[in-house]
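With the working numbering, the residue at position 161 of the sequence shown is 167, and numbering never jumps.
Just so it is clear, CB atoms sit at the ideal spot from N, CA and C, and this is done for glycine as well.
Since the structure is predicted, the reported quantities are computational estimates derived from the model, not experimental observations.
All remarks here apply to the structure that follows.
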Amino acid sequence: MTSAVPMLLDCTLRDGGYHNDWDFSIDLIEEYLQAMDAVSVDMVELGFRSLETEGFRGGCAYTTDGFISGLAVPQGLSLGVMVNTGELSRSVDGVVGAIDALFAPAAKSPITMVRLASHLAEFEDALTATVRLRELGYLVGINLMQIADRTDAEIEDVARRAAESPPDVL
7 MTSAVPMLLD CTLRDGGYHN DWDFSIDLIE EYLQAMDAVS VDMVELGFRS
57 LETEGFRGGC AYTTDGFISG LAVPQGLSLG VMVNTGELSR SVDGVVGAID
107 ALFAPAAKSP ITMVRLASHL AEFEDALTAT VRLRELGYLV GINLMQIADR
157 TDAEIEDVAR RAAESPPDVL
């Protein structure tokens, strides 16, 4: 068994966006990033990355590379985004096509990590997305939603399947 140094991830803006449609001012975002850097947070999940554009939502609902590039980000702070796996599953271009539409290679992006929010029924698509995102050079986490409602056997099965195309974090 190996031990890894824990990484502190903050998702305040991404999670808080449910209250204001991810419409944060640039000043607030930059002050928040400075505060996260000051308290030694390793990585900030700024918002979602999404292809769905109906209705008004602020910049942290899409968190494009262009949007992030316009922010003053402290030098040592890593950035990530969350993607709803269900959106990838519904894409007419398929999971890989949706990933390719959403993400440039990591070497050309200001983000280093993608966290996939996935229900158990979408888990195979999350694994497909994991493989493609890792090919593009990203760290990948899978966040299994509503896992407390699952049996131990179901959780063990998911862990076995994840080991075959491993995300960096499950």
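Candidates 123, 34 and 61, of which the one nearest residue 79 by Cα: 34
Does the region 97-104 touch the region 60-77, meaning 3 or more C-beta pairs lie closer than 8 angstroms? no
Proximity of residue 111 and residue 142 at Cβ, strictly below 8 angstroms: yes
Tell me whether residue 98 sits in a helix, a strand or coil according to DSSP, three-state version. coil
Secondary structure at residue 15, three-state DSSP: helix, strand or coil? strand
Span of the alpha helix (DSSP H) holding residue 138? 129-141
Outcome for residue 144 when other beta-carbon atoms lying within 10 angstroms are tallied against a minimum of 16: buried
Unbroken alpha helix (DSSP H) run spanning residue 75, endpoints: 71-75
Could you tell me the distance, in whole angstroms, from the CA atom of residue 75 to the CA atom of residue 157? 43 angstroms
Would the beta-carbon of residue 173 fall within 8 angstroms of that of residue 148? yes
Between which residues of its own chain and residue 131 is the CB-CB distance below 7 angstroms, once the five residues before and five after are set aside? 91, 94, 95 and 101
Look at the alpha carbon of residue 175 and the alpha carbon of residue 29, and state the distance between them as a whole number of angstroms. 28 angstroms
Quick one: is residue 145 near chain D, going by C-beta distance under 8 angstroms? Here chain D cannot be found, since the structure has a single protein chain.
Ends of the alpha helix (DSSP H) at residue 160? 158-170
Alpha carbon to alpha carbon, how far is residue 170 from residue 16? Give it in angstroms, no decimals. 28 angstroms
Quick one: which unbroken alpha helix (DSSP H) runs of 4-plus residues sit fully inside the region 14-88? Chain order, please. 18-22, 32-44 and 71-75
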